[in-house]
Amino acid sequence: MKNEQLKNRDLKVLWHPCTQMKDHETLPLIPIKKAHGVYLEDFEGNKYIDAISSWWVNMFGHTNKYINDKIKEQLDTLEHVILAGFTHEQVVLLSERLVRLTPKGLDKCFYSDNGSSAVEVALKMSYHAHLNDGNGDKNIFVSLKNSYHGETIGALSVGDVELYKDTYKPLLLQTIQTAVPKDMSVKSAKDAALKFEELCREKASEISAIILEPLIQGAGYMHMYHPKFLVLIREICTKYNVHLIADEVMVGFGRTGKLFACEVANITPDFIVLSKGLTGGYLPLSVVLTSDEIYAKFYCDYNEHKAFLHSHSYTGNALACAAANATLDIFQNDNIIEKNKKIAKYMGEKLEKFTELKNVAEIRQTGMVCVVELKGYNPKDRIGLKVYQHCLKNGVLIRPLGHVVYFMPPYIITNEEIDKVMDTAYEAIRNI
Ligand SMILES: *Cc1c(COP(=O)(O)O)cnc(C)c1O
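Residues in the sequence shown are numbered from 1 upward in steps of one, following our numbering.
Right, dumping it as structure tokens:
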């Protein structure tokens, strides 16, 4: 009964993200009572495997004992303190670790509390760094076609997914979208990089930065490309004095097979943006790391007016930093990146089977992200929704992006649970 009550009370007072609320006249909300490991549980005892890591944030399962204990410990010590003029142990420790773990040359951490606001931080810092260099003309941002960087006004401006962007176009910054490699081949990577180089040749004096999602465009239908693209873009950026902003909000923390996707291409961006997995999926926190060289451009006497005066109330929240430190402990102590190779291999083998289905256009995989792209449907068919509903009925939470079904589970998932998830999705796709 509690399920029903909560649904009704919810719809009287809540407005949910990324939702046409009228859908809930026919599509029931699912109140979750509790969660543990990969399982969510409702008030009637139904369980669902969280195969999308609760919107790509969860790393080591829900109510993870280790992370829980660390947050509880922190809760009784220091919950939060202003980060201007003050500091605390968790944020210092976390920053030391991030500097050590991210690609060499990223030396300073600037905190915020969600992916979108961290993207805004990186954009502003990039522009401001050029300005402090006496280069005030660099006020255009470039991003890739089909990219997603969040939904605040600035972040939306550099995104390119119509669904989120079109309505707000009149409000947005002018930006330029350059080609994304059309598939995972080296040739496509080279072709797309050439387009960016042409753009730089023409306009680099006005371009502050290019922002991109390394290797996988998440909300852009899990489009994937070859690491060679990142290598080429890095070279072009250096040549034309354009910053490279790597938005690793989704791909960071092991999703692509390395701790950070930039490592796959062995590049160092000028800014890296991290959030989602940073706290293991527990608390909102994000961070932008940049180089000592860029940091130095802002470092001078106060009256020279070059400081980066950006601020968020919850910057560097102590509970969130404790969760992040606990998450990094697990990566370190449990050798997660190595273990993930086995999980990714197993998922990859299971993925092959989907090619037997005649409504499957393509399968693809990068590390811990597996994708089944469907074909032969009109967007009006809302085919993803049908797959979603079938899976839910059978105890699996996946949330297709349109016609693209993907699997992005927490790293503690077992082979049996992977079987359950992928077999259920297979049935759903076969039956539609
Ligand atoms: C989710 C996401 C964001 C936005 O993060 P929020 O915390 O949802 O604001 C930005 N960039 C990428 C690549 C993302 O996947």
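Even glycine gets a Cβ: it sits at the ideal position worked out from N, Cα and C.
Every value quoted in this text rests on a predicted model; they were computed, and no experiment measured them.
Output the boundary residues of the alpha helix (DSSP H) element that contains R97. As a working note, residue 97 is residue 97 in the sequence shown. Start and end: E89 to L101.
Tell me which residue opens and which closes the alpha helix (DSSP H) that I343 is part of. In the sequence shown, counting from the first residue as 1, residue 343 sits at position 343. Counting along the chain, the unbroken alpha helix (DSSP H) around I343 starts and ends at I336 to E352.
According to the neighbour-count rule (16 or more other Cβ atoms, all chains shown, within 10 Å of its Cβ), is F407 buried or exposed? Taking the first residue of the sequence shown as 1, we reach residue 407 at position 407. With 16 or more other Cβ atoms inside 10 Å of its own Cβ, F407 counts as buried.
F196 CB to nearest chain C CB: under 7 Å? Of the protein chains in this structure there is only one, and it is not chain C.
What runs of the beta strand (DSSP E), each 3 residues or longer, lie entirely inside the stretch 95–179? Within the stretch 95–179, complete beta strand (DSSP E) segments of at least 3 residues are found at 108–112, 140–144 and 175–178, given in chain order.
Checking 7 Å against the spacing of the C-beta atoms, do I413 and F60 come in under that value? Locating residue 413 in the sequence shown gives position 413, counting from the first residue. Locating residue 60 in the sequence shown gives position 60, counting from the first residue. No Cβ-Cβ contact shorter than 7 Å links I413 with F60.
Cβ-based burial, F86 [other Cβ within 10 Å; buried from 16]: Within the sequence shown, numbered from 1, the residue matching residue 86 stands at position 86. Burial call: exposed.
Examine ligand 1 and report whether any of its heavy atoms sits within less than 6 Å of the Cβ of G159. Residue mapping note: residue 159 aligns to position 159 of the sequence shown, counting from 1. Relative to ligand 1, G159 has its C-beta separated by 6 Å or more from all heavy atoms.
Length of the line joining the Cα atoms of E352 and L374: Position 352 of the sequence shown, counted from the start, is the residue given in the question as residue 352. Position 374 of the sequence shown, counted from the start, is the residue given in the question as residue 374. If I take the Cα positions, the gap works out to 14 Å.
With 16 as the cutoff for other CB atoms within 10 Å, does E96 come out buried or exposed? Within the sequence shown, the letter at position 96 stands for residue 96. Counting Cβ neighbours within 10 Å, E96 comes out exposed, since fewer than 16 surround it.
Are I398 and I52 close, meaning C-beta to C-beta below 7 Å? On the sequence shown, position 398 is the one that residue 398 refers to. On the sequence shown, position 52 is the one that residue 52 refers to. Cβ atoms of I398 and I52: closer than 7 Å.
Quick one: is R100 buried, meaning 16 or more other Cβ sit within 10 Å of its Cβ, or exposed? As a working note, residue 100 is residue 100 in the sequence shown. So R100 ends up on the exposed side.
Output the residue ranges of the alpha helix (DSSP H) runs that lie fully inside the stretch 206–257 and measure 4 residues or longer, sorted by chain position. DSSP assignment within the stretch 206–257 yields the following whole alpha helix (DSSP H) runs of 4 residues or more, N-terminal first: 228–240.
Relative to the C-alpha of N415, which candidate in G316, Y127 and E349 has its C-alpha closest? Counting from 1 along the sequence shown, the entry for residue 415 is found at position 415. Selected option, being the one with the closest Cα: E349.
Answer yes or no: the CB of V404 versus the heavy atoms of ligand 1, is any distance below 6 Å? For the purposes of this step, residue 404 is identified with residue 404 of the sequence shown, where counting begins at 1. Every heavy atom of ligand 1 is 6 Å or more from the Cβ of V404, so no.
Please report the straight-line C-alpha distance between K518 and L285, rounded to a whole angstrom. Within the shown structure, residues of the chain are numbered from 1 to 432, placing residue 518 beyond reach of any answer.
Return yes when the Cβ of V288 is within less than 7 Å of the Cβ of F141, no when it is not. Position 141 of the sequence shown, counted from the first residue, corresponds to residue 141. Position 288 of the sequence shown, counted from the first residue, corresponds to residue 288. Against a cut-off of 7 Å, the Cβ pair of V288 and F141 comes out as no contact.
Please confirm whether A344 and L278 have their CB atoms less than 7 Å apart. Sequence index remark: in the sequence shown, residue 344 carries index 344 (1-based). Sequence index remark: in the sequence shown, residue 278 carries index 278 (1-based). In this structure, L278 does not lie closer than 7 Å to A344 by Cβ.
With 16 other CB atoms within 10 Å as the buried threshold, where does Q217 fall? Mapped onto the sequence shown, residue 217 falls at position 217. Around the beta-carbon of Q217, 16 or more other beta-carbon atoms lie within 10 Å, marking it buried.
Going along the chain, which unbroken runs of the alpha helix (DSSP H) with 4 or more residues stay wholly within the stretch 355–396? Here the runs fully enclosed are 383–393.
Identify, in the order they occur along the chain, each residue of the same chain with its Cβ nearer than 6 Å to the Cβ of L401, setting aside the five sequence neighbours on each side. As a first step, residue 401 is located in the sequence shown; it is residue number 401 there, counting from the start. Cβ within range, chain order: Y221.
Whole-angstrom C-beta distance between L156 and K165, which should lie under 8 Å: For the purposes of this step, residue 165 is taken as residue 165 along the sequence shown, with counting starting at 1. For the purposes of this step, residue 156 is taken as residue 156 along the sequence shown, with counting starting at 1. Distance from K165 to L156 at the Cβ level is roughly 6 Å; contact confirmed, criterion being Cβ atoms closer than 8 Å.
Roughly how many whole angstroms lie between the Cα atoms of T268 and L29? Within the sequence shown, residue 268 is the residue found at index 268, counting from 1. Within the sequence shown, residue 29 is the residue found at index 29, counting from 1. Each residue's Cα considered, the two are about 43 Å apart.
Whole-angstrom distance between N431 and E206, CA atom to CA atom: To locate residue 206, count along the sequence shown from 1; it is residue 206. To locate residue 431, count along the sequence shown from 1; it is residue 431. The alpha-carbon atoms of E206 and N431 are separated by roughly 52 Å.
Is it buried or exposed, W56, if we count other Cβ atoms within 10 angstroms and call 16 or more buried? Looking up residue 56 in the sequence shown gives position 56. Under this definition W56 is a buried residue.
Along the beta strand (DSSP E) that carries D50, what are the first and last residues, could you check? One-based indexing of the sequence shown puts residue 50 at position 50. Unbroken beta strand (DSSP E) run through D50: K47 to D50.
Tell me, please, whether the stretch 248–258 touches the stretch 33–43 by the rule of three or more beta-carbon pairs shorter than 8 Å. No contact exists between the stretch 248–258 and the stretch 33–43.
Is the Cβ-Cβ distance between F196 and T175 less than 7 Å? By 1-based counting over the sequence shown, the position of residue 196 is 196. By 1-based counting over the sequence shown, the position of residue 175 is 175. No, the Cβ-Cβ distance between F196 and T175 is not below 7 Å.
Compute every distance between the C-beta of S126 and the non-hydrogen atoms of ligand 1, then say whether any falls below 6 Å. For this step, residue 126 is matched to residue 126 along the sequence shown. Not under cutoff, so the answer is no.
For G115, which residues in the same chain have their Cβ closer than 6 Å to its Cβ, ignoring the five residues on either side in sequence? Here residue 115 refers to the residue found at position 115 of the sequence shown. Closer than 6 Å at the Cβ level, and outside the excluded window around G115, lie G150, V249, S275 and S286.
Suppose contacts are defined by Cβ-Cβ distances below 7 Å. Is A209 in contact with I236 by that definition? If you number the sequence shown from 1, residue 209 lands on position 209. If you number the sequence shown from 1, residue 236 lands on position 236. Not a contact, by the Cβ cut-off of 7 Å.
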